[in-house]
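Residue numbers (the working numbering): 36 to 240.
Here a beta-carbon is modelled for each residue, glycine too, at the ideal position from N, C-alpha and C.
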Amino acid sequence: MVLDREFFAQPSVEVAPRLLGALLSVDDTVLRITEVEAYLGEVDPGSHAFRGRGNRNAAMYGPPGHLYTYFTYGMHTCANVVCSPEGVASGVLLRAGEVVGAVAQARARRLTSKSDADLARGPALLCVALGITLADGGADLDSGRFRLDLPAAQSPCEMGPRTGVSGPGGSAEYPWRFWIPGDPTVSPYKRHRPSRVEPVETSER
DNA sequence: GTCGAGATTATCT
DNA sequence: GATAATCTCGACC
């Protein structure tokens, strides 16, 4: 099955909602994606590619349908699906999902996780649960250990501001976070970390 | 349930 | 030297 090269060659904002409900297999572990976030690359202040190509984000400039992994906060690995044609930086961050295959293995990797819903609730946890590491960066998502199956129909989806993104423009301006409404595996992080815009102060609840 | 602060290191300026 | 697409834990409601 042609894993729709054309599909992944679109901008990440187009690809992101369609990834909801997709099944990502890594070895024997299968994840149903429930939450993603789109990054547009050089025109997106929140993107790693905003300041141009570097060593870390090289994979994001690579061919679509591949994996882009990066290390952040000194201890966390996160995974993206590369979008847009080769040479254009764009990606979809996998934020959360539900482990539906080889749950025992995923649970073994996630010792701190208490319930199944917690196994992949968050970008870094998702990678741990699936066993994705930096070494998997640049891997084709339709070969080797990886396989990505898109849902036949688009899942219901809700969108909102991205979380955890700092820098200029905040990125509340970019409502490019997509998730499946009501799914228990969607990350509960509604807290905005940095400078939160306080609209007014005249009480008003 | 929500909110707030600290930890910890690869990558880039 | 500063930054970061985060997580965990503790306090409070």
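Rounded C-beta distance between residue i and residue j? I'm assuming under 8 Å.
{"i": "Ala-44", "j": "Ser-119", "result": "6 Å"}
{"i": "Ala-155", "j": "Cys-113", "result": "Going by Cβ atoms, the distance from Ala-155 to Cys-113 rounds to 12 Å, so no, they are not a contact pair."}
{"i": "Tyr-209", "j": "Asp-62", "result": "34 Å between Cβ atoms; not a contact."}
{"i": "Thr-104", "j": "Leu-169", "result": "5 Å"}
{"i": "Thr-64", "j": "Ile-215", "result": "Wrong, their Cβ atoms sit about 20 Å apart, outside the cutoff."}
Taking just the CA atoms, how far does residue j sit from residue i?
{"i": "Ile-106", "j": "Gly-132", "result": "Per the sequence shown, the amino acid found at residue 106 is Phe instead of Ile. So the two alpha carbons sit approximately 20 Å from each other."}
{"i": "Leu-102", "j": "Val-116", "result": "5 Å"}
{"i": "Ser-125", "j": "Ala-57", "result": "19 Å"}
{"i": "Gly-217", "j": "Pro-191", "result": "10 Å"}
{"i": "Gly-136", "j": "Pro-186", "result": "16 Å"}
{"i": "Tyr-96", "j": "Phe-85", "result": "12 Å"}
{"i": "Ala-143", "j": "Pro-46", "result": "36 Å"}
{"i": "Asn-90", "j": "Gly-172", "result": "12 Å"}
{"i": "Val-221", "j": "Gly-195", "result": "13 Å"}
{"i": "Pro-52", "j": "Gly-157", "result": "17 Å"}
What are the start and end residues of the alpha helix (DSSP H) that includes residue i?
{"i": "Ala-159", "result": "158 to 165"}
{"i": "Val-61", "result": "Per DSSP, Val-61 belongs to no alpha helix (DSSP H); it is in the beta strand (DSSP E), 58 to 61."}
{"i": "Glu-121", "result": "Element bounds for Glu-121: n/a, residue is neither H nor E."}
{"i": "Arg-53", "result": "47 to 54"}
{"i": "Arg-144", "result": "138 to 144"}
Need the endpoints of the beta strand (DSSP E) that residue i sits in, please.
{"i": "Glu-1", "result": "Limits of the chain in this structure are 36 at one end and 240 at the other, which puts residue 1 out of reach."}
{"i": "Arg-182", "result": "181 to 184"}
{"i": "Phe-42", "result": "Phe-42 -> not in any beta strand (DSSP E); alpha helix (DSSP H) instead, spanning 40 to 43."}
{"i": "Gly-195", "result": "193 to 195"}
Assuming contact is defined by CB atoms lying nearer than 9 Å, are residue i and residue j in contact in what I supplied?
{"i": "Val-71", "j": "Arg-212", "result": "yes"}
{"i": "Leu-183", "j": "Ser-82", "result": "no"}
{"i": "Leu-165", "j": "Leu-55", "result": "no"}
{"i": "Val-127", "j": "Gly-76", "result": "no"}
{"i": "Val-138", "j": "Asp-151", "result": "yes"}
{"i": "Gly-87", "j": "Asp-39", "result": "no"}
Would you list the residues sitting across from residue i in a DSSP beta bridge?
{"i": "Leu-102", "result": "Val-116"}
{"i": "Val-127", "result": "Ala-73 and Val-116"}
{"i": "Asp-175", "result": "His-101"}
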